[in-house]
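Participant:
Chains as they are written, first to last, in the numbering used here: chain D, 7 to 272; chain Z, 46 to 536.
Have a look at this one:
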C-alpha cells in the first residue's frame, strides 16, 4: 500500500521520473576564506542510501547545500541526474528533492497542514489531493491526524521532526537529503525515529543522503558511510571497512570514540 | 486599505478644481485682520475670496505668492527690504520696491496708512507728566529706567544703535522677556520699553508711542502684495485691494488688534465693522468645528499613511533583497526624516501650492522611514534556516515572499506602520501652518491670541486621536499577526 502511494500521480508536465543520482567532481568550497570542502569527488547512485559522517565543520552539510544549489562551489562541478546544476533549473531540481534539516525549519505562521501544503499548492495540486497526501504521510510517519491542524509551536520536538520529513516527502521527490534530522531530539524519541526513518527509506526506495555526526545512527541508516574531515573525504565504505581497515589514525579514533558503557554492555 | 485610498481620492476635487481668489495671512492677528479687510472689500465688489489664514510665516507666504498658490497677502516694506529682497537698499521706498518686484510678477499697493515699526513706548500719564513726546526727549531724563526685550538689547539695529543715534545718556537699562515688558511697564517697574507700533496692548495699557523723529527705525509700512497677473485676470479685485490704501491709520489698526486680541472678537466681524459691511454673525458651534477639523486631520493623516504604506512596503522589500540599494533607500528616507517640518512644507509649495496637498506630500515623506525600515528589518530578521527551507522547497521568490517572508515579518511591518501613524497624527497639527486645517488650526489661533481654551480645543483632540490610533493598531496587530506567531514554542 505504501509502495503504490509513493509512486502515485507523477506530474504530467515533468520528464519521466527516475531516482536521482548526484555527483561532486573536484569540488572546492570556502566560506569567507574558511575551507569547507577541498577537492572532493563523490557520487551517489540512484536509489542508494549514504551517510555523511564526521565532526562539526567537516563539510558534511556543505555537500547537501551544494546539491540543492543553496551554495555554489568555488571550483569543480556539481551534477544531478547526470547534468551539471544550472541556476535557471534550480526550482525544478528542488521540487524533486526533499530537504529536511535539524529542528525541521517549519514555518511558525502555518499549521502542519499549511506547511505541508506550501509546495504542492504552488505546483497546482487541488486541495483535496493535498489533504489526501497529508493523511497518507501522517500514517507513514506515524503522526496523529489531529496534529495536522496544529501550529509548530504546539507540537513536540519529535512531532515537528516528523512533520519536517513529511514536508520533504509531500511532492513525492526522487531524493531525500537530510541534515542531522534527529539532532535536536532526546534519546528515546531519537531512537524511535531512527527505526521509523530506516523503515521509510527501505519502503520508498529513493536516493537518500543523510548527514549525521553519530556513527551508530549512520551505520543503522546506511550501507555506505563517507567520513569527512576538514573538507576532505577520509574514508568511503561500509561500516565494517571503517572499523576493520581504518584509512588512518583519525578514522580509528572516530570509530572508537563511542564510549563503552560500564559493565561492557555497549 | 481600500477605504483609505478612497479618502485620498475624495480629497482631489476638494483641492484642485474650484479656484476662487485666495488671500493669505501670517500667523499673527494684524495679518489675519488685514486679510479679512481685503476679503471684505472684495465682497463689496462682488468678488468671492477665500482666506487661507495663519500660514506658517513669511517664507511660506512669499513662496506661495510666487508660485500662485495664493493671490495676495499683507506684507511690510521692512520685511521686503530686510528679509525677502537681499539686493535692495534698506530704506527703499514703495516705488523702488514696485520696480524691483514687477519683474518677479508681483505687484505692491501703496501704504495702507500705518507702519508697524519698532517703537519706544511709555505710560501716557508718565510721559505727559515729563513732557516726553519724541524719543529725543528721553535724553533730558537719564534717570528713567528702560526695559527692553532681550532681542532688542542685542540687535545692532536695536538699543545700541538707538542710544548712539539719539545720544541717550540712560544708564538704567535692563533686558526683559518680551511677554513681561508690558506688565513691567504697566506696574511702573520700568518707564519705557520697546514695542511694535500697532500692538493691541498700547491702547489697553494707555501707552504713548514716542515719535522716532530722527527716523532711526526702518519703516515697516503695511502694504498688500499681489500677483501682477491679476491686473489682467481680475482687475476688479486689484481695485478693491487698492481701495484700502491710506484707509487704516495706526490708532485704527491698534484698535482692531485690541478687539481681536483683548476682546476676543472674530477677525471677520472686526473687518466688516471697519468697512461698514453687514456683519455675518454665524459661527460654527463647538461640535461642528470639532467635526470639521477631525475630518481634515484624520483624512490628512490617513491618506498620507495609506500612500506611504503603498510605497514603503515595496521599498522595504527591495531594500531587503538588494543590500546595496537597500542602504541607499534607507539612507535617503532617513535624510527625509531629518528635514524640519516647516522647511519641508516650504519645499512642497512650488510643487503642490498650499493647503492639504503639500501637507499630504510632506506627511507621506515623513511616514516612509519607519515603514521602510521595519519592513527591511522584519524581512532580514527571518532566521536563515526558514528562508532556506522555503528556497529548498523549490518555491520561486514571489511565492516565498508572499507565503513565508511577509507573513513572518508582519509584526515588524505593523509596528512600523503604527509608529508612522502616531508620528503622522502629531505632525499633521503642523499642517495648519500651510493652510491644511486640522487640529493645528485652533492651536495656532490660540497661540496667536494667547487663548489657552482655543489651544486645548486642538491639543486635546490631537492627543485623543493619537491614543485612539495607537489602540486601533494594537487591535489590527492582534488581528493580522498569524496565530502561530503568537505562541511560544513548547519544549
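Each residue gets a CB set at the ideal place from its N, CA and C atoms; glycine is no exception.
Going by beta carbon distance, what residues of the same chain come within less than 7 Å of residue 130 of chain Z, once the five residues before and after it are set aside?
Facilitator: By one-based count along the second chain, residue 130 of chain Z stands at place 85. Excluding residues within five positions, the ones whose Cβ falls inside 7 Å are 145.
Participant: Just the C-alpha distance for residue 301 of chain Z and residue 137 of chain Z, rounded to the nearest angstrom, thanks.
Facilitator: In the second chain, residue 301 of chain Z corresponds to position 256, counting from 1. In the second chain, residue 137 of chain Z corresponds to position 92, counting from 1. So the alpha carbons of these two residues sit roughly 28 Å apart.
Participant: Nearest-angstrom Cα distance between residue 498 of chain Z and residue 313 of chain Z?
Facilitator: In the second chain, residue 498 of chain Z corresponds to position 453, counting from 1. In the second chain, residue 313 of chain Z corresponds to position 268, counting from 1. Answer to the nearest angstrom: the Cα atoms are 20 Å apart.
Participant: Would residue 159 of chain D count as contacting chain Z if we go by Cβ distances under 8 Å?
Facilitator: The sequence position of residue 159 of chain D within the first chain is 153, counting from 1. Judged by the 8 Å Cβ criterion, residue 159 of chain D is in contact with chain Z.
Participant: Can you have a look at residue 95 of chain D and say buried or exposed, based on whether 16 or more other CB atoms are within 10 angstroms of its CB?
Facilitator: Your numbering for residue 95 of chain D matches position 89 in the first chain. With fewer than 16 other Cβ atoms within 10 Å, it is exposed.
Participant: Taking 8 Å as the threshold (C-beta atoms), are residue 181 of chain D and residue 103 of chain D in contact?
Facilitator: Position 97 of the first chain holds residue 103 of chain D. Position 175 of the first chain holds residue 181 of chain D. Their beta carbons are under 8 Å apart, which means residue 103 of chain D touches residue 181 of chain D by this criterion.
Participant: Could you list the residues in the segment 80-100 of chain D with a C-beta less than 9 Å from some C-beta on chain Z, going in chain order?
Facilitator: Per Cβ criterion, the list reads 96, 97, 98, 99, 100.
Participant: So with Cβ pairs under 8 Å, would you call residue 527 of chain Z a contact of chain D?
Facilitator: Position 482 of the second chain, counting from 1, holds the residue named residue 527 of chain Z. Yes, residue 527 of chain Z counts as interfacial toward chain D.
Participant: Could you tell me if residue 531 of chain Z is buried or exposed, where buried requires 16 or more neighbouring beta carbons within 10 angstroms of its beta carbon?
Facilitator: Counting from 1 along the second chain, the entry for residue 531 of chain Z is found at position 486. With fewer than 16 other Cβ atoms within 10 Å, it is exposed.
Participant: Less than 8 Å between the beta carbons of residue 23 of chain Z and residue 417 of chain Z, yes or no?
Facilitator: Since the first residue of chain Z shown is 46 and the last is 536, residue 23 of chain Z is not available in this structure.
Participant: Would you identify the three-state DSSP class for residue 466 of chain Z, choosing helix, strand or coil?
Facilitator: Looking up residue 466 of chain Z in the second chain gives position 421. Correct three-state label for residue 466 of chain Z: helix.
Participant: What residue range is occupied by the uninterrupted beta strand (DSSP E) comprising residue 108 of chain D?
Facilitator: Within the first chain, numbered from 1, the residue matching residue 108 of chain D stands at position 102. Premise fails: residue 108 of chain D is in no beta strand (DSSP E) and is neither H nor E.
Participant: Quick check for students: name the residue ranges of the alpha helix (DSSP H) that lie wholly in the segment 111-181 of chain D, counting only runs of 4 or more.
Facilitator: Runs of the alpha helix (DSSP H) inside the segment 111-181 of chain D: 118-128, 133-146, 163-175.
Participant: Tell me, which residues are paired with residue 227 of chain Z by DSSP?
Facilitator: The sequence position of residue 227 of chain Z within the second chain is 182, counting from 1. Per DSSP, none; premise fails for residue 227 of chain Z.
Participant: Assuming residue 70 of chain D contacts residue 47 of chain D under a Cβ cut-off of 8 Å, what Cβ separation, rounded to an integer in Å, is found between them?
Facilitator: Position 64 of the first chain, counted from the first residue, corresponds to residue 70 of chain D. Position 41 of the first chain, counted from the first residue, corresponds to residue 47 of chain D. That pair is no contact at about 16 Å.
Participant: Measure the C-alpha to C-alpha separation of residue 348 of chain Z and residue 342 of chain Z and round it to an integer number of angstroms.
Facilitator: As a first step, residue 348 of chain Z is located in the second chain; it is residue number 303 there, counting from the start. As a first step, residue 342 of chain Z is located in the second chain; it is residue number 297 there, counting from the start. Looking at the two C-alpha atoms, the distance is approximately 10 Å.
Participant: In three-state terms, what does DSSP make of residue 497 of chain Z?
Facilitator: Here residue 497 of chain Z is taken as the residue at index 452 of the second chain, counted from 1. It is helical.
Participant: Is the beta carbon of residue 270 of chain Z sitting closer than 8 Å to the one on residue 147 of chain Z?
Facilitator: Taking the first residue of the second chain as position 1, residue 270 of chain Z is located at position 225. Taking the first residue of the second chain as position 1, residue 147 of chain Z is located at position 102. Not a contact, by the Cβ cut-off of 8 Å.
Participant: Determine the chain Z residues that contact residue 117 of chain D at a beta-carbon separation under 8 Å, and present them in chain order.
Facilitator: If you number the first chain from 1, residue 117 of chain D lands on position 111. The contacting residues are 529.
Participant: Would you say residue 169 of chain D touches the ligand GDP, meaning its beta carbon is less than 7 Å from a heavy atom?
Facilitator: This structure lacks the ligand GDP; in fact it carries no ligand of any kind.
Participant: Excluding the 5 residues preceding and the 5 following residue 95 of chain Z in the sequence, name in chain order all residues of the same chain whose CB lies nearer than 6 Å to its CB.
Facilitator: In the second chain, the residue the question calls residue 95 of chain Z occupies position 50. So the list reads 65, 67, once near-sequence residues are dropped.
Participant: Counting only Cβ pairs nearer than 9 Å, list the residues of chain Z close to residue 194 of chain D.
Facilitator: In the first chain, the residue the question calls residue 194 of chain D occupies position 188. None at all; the shortest Cβ gap to chain Z is about 15 Å.
Participant: Kindly indicate which residue of D:219, D:146, D:242 has the alpha-carbon position closest to the one of residue 229 of chain D.
Facilitator: Here residue 229 of chain D refers to the residue found at position 223 when the first chain is read from its first residue. Nearest C-alpha to residue 229 of chain D: D:242.
Participant: Residues in its own chain within less than 6 Å of residue 410 of chain Z by CB, not counting five upstream and five downstream?
Facilitator: Numbered from its first residue, the second chain carries residue 410 of chain Z at position 365. Result list for residue 410 of chain Z: 381, in chain order.
Participant: For residue 232 of chain D, which beta-bridge partners are listed by DSSP?
Facilitator: Along the first chain, one-based indexing puts residue 232 of chain D at 226. In the DSSP output, where bridge partners are listed per residue, residue 232 of chain D has D:58, D:242.
Participant: Use the C-beta contact count for residue 331 of chain Z: other C-beta atoms within 10 angstroms, 16 or more gives buried, fewer gives exposed.
Facilitator: As a working note, residue 331 of chain Z is residue 286 in the second chain. Exposed, by the Cβ-count rule.
Participant: Quick check on residue 305 of chain Z: buried or exposed, where buried means 16 or more other Cβ atoms within 10 Å of its Cβ?
Facilitator: What you label residue 305 of chain Z is simply residue 260 of the second chain in a count that begins at 1. It is buried - the Cβ of residue 305 of chain Z has at least 16 other Cβ atoms within 10 Å.
Participant: Taking 8 Å as the CB-CB cut-off, is residue 107 of chain D touching chain Z?
Facilitator: Here residue 107 of chain D refers to the residue found at position 101 when the first chain is read from its first residue. Yes - at least one Cβ of chain Z is within 8 Å of the one on residue 107 of chain D.
Participant: Quick one: residues in its chain with C-beta nearer than 8 Å to the C-beta of residue 455 of chain Z, no 5 flanking neighbours on either side, listed in chain order?
Facilitator: Sequence index remark: in the second chain, residue 455 of chain Z carries index 410 (1-based). Here the set comprises 423, 525, 526, 527, 530.
Participant: Roughly how many angstroms lie between the CA atoms of residue 471 of chain Z and residue 111 of chain Z, to the nearest whole one?
Facilitator: Here the question's residue 471 of chain Z lines up with position 426 in the second chain. Here the question's residue 111 of chain Z lines up with position 66 in the second chain. If I take the Cα positions, the gap works out to 29 Å.
Participant: What's the gap between the Cα of residue 91 of chain D and the Cα of residue 518 of chain Z?
Facilitator: Locating residue 91 of chain D in the first chain gives position 85, where the first residue counts as 1. Locating residue 518 of chain Z in the second chain gives position 473, where the first residue counts as 1. The alpha-carbon atoms of residue 91 of chain D and residue 518 of chain Z are separated by roughly 47 Å.
Participant: Leaving out five residues on either side along the sequence, give the residues of the same chain with a beta carbon under 8 Å from the beta carbon of residue 494 of chain Z.
Facilitator: Residue 494 of chain Z sits at position 449 when you count from the first residue of the second chain. The residues are 74, 305, 306, 309.
Participant: Quick check: is the beta carbon of residue 261 of chain D nearer than 8 Å to any beta carbon in chain Z?
Facilitator: What you label residue 261 of chain D is simply residue 255 of the first chain in a count that begins at 1. So, not an interface residue.
Participant: Runs of 4 residues minimum, wholly inside the segment 390-436 of chain Z: which ones carry the alpha helix (DSSP H) assignment?
Facilitator: Qualifying alpha helix (DSSP H) stretches, in chain order: 401-425.
Participant: Listing by chain order, which chain Z residues have their CB less than 9 Å from the CB of residue 207 of chain D?
Facilitator: To locate residue 207 of chain D, count along the first chain from 1; it is residue 201. Result: empty, since nearest Cβ-Cβ is about 19 Å, beyond 9 Å.
Participant: Could you name the residues that DSSP lists as bridge partners for residue 203 of chain Z?
Facilitator: Walking along the second chain from the start, residue 203 of chain Z turns up at place 158. DSSP, once it has assigned bridges, lists no residue as partnering residue 203 of chain Z.
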